[in-house]
Amino acid sequence: MTTFVLVHGAWHGPWTWDRVVPLLEREGAKTIAPDLTHAADAGLRTHVDEVVSVLDAAGDVVLAGHSYGALVAREAADLRPGRVKHIVMIEGWAGADGMSLFDLAPEGFVEAIRSWAGPDGEIPAPAPERFGITDPEDARWLAERLRPQFLRTFTEATRLSGAVGTIPGTGIFCRPQVLPFERMAVSLGYRAIGLDAPHDVPLTDPRPVADGLLEAAG
Numbered sequence: 009m010t011t012f013v014l015v016h017g018a019w020h021g022p023w024t025w026d027r028v029v030p031l032l033e034r035e036g037a038k039t040i041a042p043d044l045t046h047a048a049d050a051g052l053r054t055h056v057d058e059v060v061s062v063l064d065a066a067g068d069v070v071l072a073g074h075s076y077g078a079l080v081a082r083e084a085a086d087l088r089p090g091r092v093k094h095i096v097m098i099e100g101w102a103g104a105d106g107m108s109l110f111d112l113a114p115e116g117f118v119e120a121i122r123s124w125a126g127p128d129g130e131i132p133a134p135a136p137e138r139f140g141i142t143d144p145e146d147a148r149w150l151a152e153r154l155r156p157q158f159l160r161t162f163t164e165a166t167r168l169s170g171a172v173g174t175i176p177g178t179g180i181f182c183r184p185q186v187l188p189f190e191r192m193a194v195s196l197g198y199r200a201i202g203l204d205a206p207h208d209v210p211l212t213d214p215r216p217v218a219d220g221l222l223e224a225a226g
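Count along the sequence shown starting at 1, add 8, and that's the number in the numbering used here.
Below, the structure is given as structure tokens:
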């Protein structure tokens, strides 16, 4: 039985995977979707430690991260390479040791996020449309659940020893591309899979996401 650890992205929560989980469990898989801490003093390192704790308890897993969650997942895998048999980045950020999400992002993206941040570093959740959600019911569902993110998660640098490079990976990216997620996956030597879907693809298109995860599990 495969165990999938599913890491959500910025402004999101474990509910990101609500439509994917039943499809995985129908195939006999076990799923764990940790709820990353949302607080002003919580940064990338906080979230990595939380995922490492899950890996320590879960054994061999397929580790998936959506968007910012991919940055978290890769650093956690670097710390526990023997517990992760495959990494799946879904519209996921990834870079070298010492790089923060802001180091990886286009200048316009960084400027926009900084302009939204309050004096305490709290960044209000963008409207669902910014995640590519156009269906009114999906937009309402998402708006009720999105929560603020904090600047430290975007500015704290990744720490990688290189161990994560020994783990095979898959990168699922969406078309039309808004951010360079395909390039990031390919640069790591990951298999890249394109989907005609918006950034919040686990919500809008759970079936191909689940299929990609199951394929990664072999």
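We put the CB at the ideal spot given by N, CA and C, even for glycine.
{"query": "Buried versus exposed, by CB contacts within 10 Å (16 or more), Asp-64", "result": "exposed"}
{"query": "Arg-2 and Gly-129 closer than 8 Å at C-beta", "result": "One cannot answer for residue 2 here, as it falls past the ends of the chain, which runs 9 to 226."}
{"query": "Helix, strand or coil at His-46 according to DSSP, with G and I counted as helix", "result": "coil"}
{"query": "Candidates Trp-25, Leu-150, Ala-84: closest to Ser-61 by CA position", "result": "Ala-84"}
{"query": "C-alpha distance - Gly-90 paired with Pro-144, whole-angstrom precision", "result": "43 Å"}
{"query": "Segment limits, alpha helix (DSSP H) that includes His-55", "result": "52 to 66"}
{"query": "Beta carbon of Arg-82 nearer than 8 Å to that of Val-172", "result": "yes"}
{"query": "Thr-166 beta carbon less than 8 Å from that of Gly-73", "result": "no"}
{"query": "At least 3 beta-carbon pairs within less than 8 Å: the stretch 112 to 125 vs the stretch 22 to 38", "result": "no"}
{"query": "Beta-carbon spacing of Met-97, Ala-205 below 8 Å", "result": "no"}
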